[in-house]
Amino acid sequence: MNRALPLAARARVLLRDPQAVLSKVAVHLVEHGARIGEGQGGMTLIDFEFCRGTLHAERDSLVLQAEAPDTAFLHEIKVELAEHVEEFACLPAGSITWEGDASDLDAPPNFRLMTVVDAFHMTPHMRRIRLSGEALTRFASRRNLHCKLLIPPRGGTPEWPFLDQNGRFVWPSGPGRPAVRKYTIRAVDPDAGWLDIDFVLHDHAGPGSAWAATARPGDVIGLVGPGGRSVLPAARYLLAGDETALPSIARLLETLPAQSRGLALIEVADAGEEQAIDNRTAIDIRWLHRGAAPAGTSAVLANAVKALPQPDEVDDLFVWIACEFAAFKAIRVHLRREWGLAKEAHLITSYWRRGWLEDGAETLASASALVASIGRKVLGVAQARRKSIMGPSRAR
């Protein structure tokens, strides 16, 4: 990265062996997508796609420098550097205090309040909610399809997360704490200030689908992001999933290069749940109907994937599949065993698991860890171009 980064912050931490800690942090951050180099004066450069850090070992201390184009990225790389230094130096969390830009934030820069401006049914069981908010440019990238929604409790006053003096997420613990669920950003218009999220509605609704079913213009919801992983560049694609993956598949079909070829397999209940997709690629769409079988009990998607002819070459192929846990396991085993797909050539994940409440009854503690790490996921954009990693479970 050679471009100028206008925002910067600096921290110093006393250590017995700063060089040993620096070496461990640098080696580990390569796994997060960083490029490691040497700067002036023996500094170690830690270069991510959108921001960078430097570590410099002095006689009895380690100096940390963070640089970024905006406040959100600066906060994320500060957390990234500080958490890893504390981990490898065996320091208590929050031991490192930063000075410089974005050092007095009281709200997470990747958190914002969004307001419902429209809500309507796309199909009998899919409801689209349009949310308005500020500074949505980062949500327009195809590389970061997802966000976390912080759903306020019914009938109560919501309490939102904030940052402590060391820039770390602090979650409310009272009755106003939000439920946290992960969703796909179906469409976004940063200039107009809105984004769309599609919700699957079902009989045993958890917080996400229950909120969506009754959402009306003027309702407020919290949002953290963007994050998550997407497809890698390829000439051919196999996209597949059930209705929980439909927003992601549709967005990919509308944003991938026009010359992209391949096949999209989409499982829904019946023809009434099919949607019009502005497919701007040469990827064919095939709808699969499971009929009266409850979601998550049909093998129609797994069988359709298994029935595909094995390609002669997979070097120019990327496979993206998201579905219920049982189908996910069957499909992943088949494609790895029969097609010989390398890990970096596919992203196959479970968005939900039948019998669990939405995304696996995600507790606030685990959700907090996921949201606090969203900066690391954004910082790992470069890594996402090189390898595929399984994502967390999803809300339905």
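The numbering used here puts the first residue of the sequence shown at 735, with every later residue one more than the last.
Think of the CB as a built atom: it goes at the ideal place given N, C-alpha and C, for glycine as much as any other residue.
Q799 is bridged by DSSP to R744 and T788. In this chain, the beta strand (DSSP E) harbouring F845 covers F845 to T857. With distances taken between CA atoms, A1079 lies nearest to L1069 out of R1088, Y1085, W1086 and L1069.
Beta-bridge partners assigned by DSSP to G975: I1000 and A1056. Per the C-alpha coordinates, the member of T918, A949 and S829 positioned closest to V850 is A949. According to the DSSP assignment, G942 belongs to the alpha helix (DSSP H) that extends over P941 to T948. For F933, there is no enclosing alpha helix (DSSP H); the residue is found in the beta strand (DSSP E) stretching over W928 to V934. By the criterion of a C-beta distance shorter than 6 Å, P906 is surrounded in its chain by E893, once the five residues flanking it on both sides are discounted.
In this chain, the beta strand (DSSP E) harbouring L957 covers V954 to G961.
Below 8 Å, too few C-beta pairs join the segment 932–944 and the segment 952–967 to call them touching: fewer than three. According to the DSSP assignment, I1019 belongs to no alpha helix (DSSP H) but to the beta strand (DSSP E) extending over A1016 to H1023. Where R862 is concerned, the enclosing beta strand (DSSP E) starts and stops at M860 to S866. For the pair P960 and R872, the CB atoms are nearer than the 7 Å cut-off. Within a 10 Å sphere around the beta-carbon of A926 sit fewer than 16 other beta-carbons, which makes this residue exposed.
For V819 and E810, the gap between their C-alpha atoms comes out near 14 Å. Put simply, the backbone Cα of S866 is about 21 Å away from that of A984. For G1089 and A1064, the gap between their C-alpha atoms comes out near 18 Å.
Here DSSP, grouped into helix, strand and coil, assigns H1080 to strand. Counting along the chain, A816 sits inside the alpha helix (DSSP H) bounded by residues T805 to F822.
Distances from the CA of L1051 to each of A1027, G1025, G996 and D1012 were compared; the closest alpha carbon is that of G996. F1059 is positioned such that its CB atom lies closer than 7 Å to that of S1084. The bridge partners DSSP lists for W1086 are E1058. With respect to the 7 Å criterion, A742 and E801 are classified as neighbours on the basis of their beta carbons.
In this structure, G890 lies near P909, with their beta-carbon atoms less than 7 Å apart. The beta carbon of E1072 sits closer than 7 Å to those of Q1044, all from its chain and outside the five residues before and after it, given in chain order. If you look at A754, you'll find it in the alpha helix (DSSP H) that goes P752 to V764. CA-to-CA, the gap between L825 and E817 works out to about 9 Å. When only Cα atoms are considered, P1028 and D781 end up about 47 Å apart.
Taking C-beta separations shorter than 7 Å and ignoring five residues to either side along the sequence, the partners of W1021 in its chain run I1000, V1002 and E1008, following chain order.
In the DSSP assignment, A921 forms a beta bridge with D930. Pairing A1056 with G942 gives a Cβ-Cβ distance that is not under 7 Å.
For E772, the enclosing beta strand (DSSP E) covers residues R769 to E772. According to DSSP, residue pairing for A913 in a beta bridge involves I885.
Of the candidates R746, Q799, S837 and A768, R746 places its Cα closest to the Cα of R793.
If you check the CB distance, V1053 and L966 do not come in under 7 Å.
Excluding the 5 residues flanking it on each side, F1062 has same chain C-beta neighbours closer than 7 Å at I1082, T1083 and S1084, in chain order.
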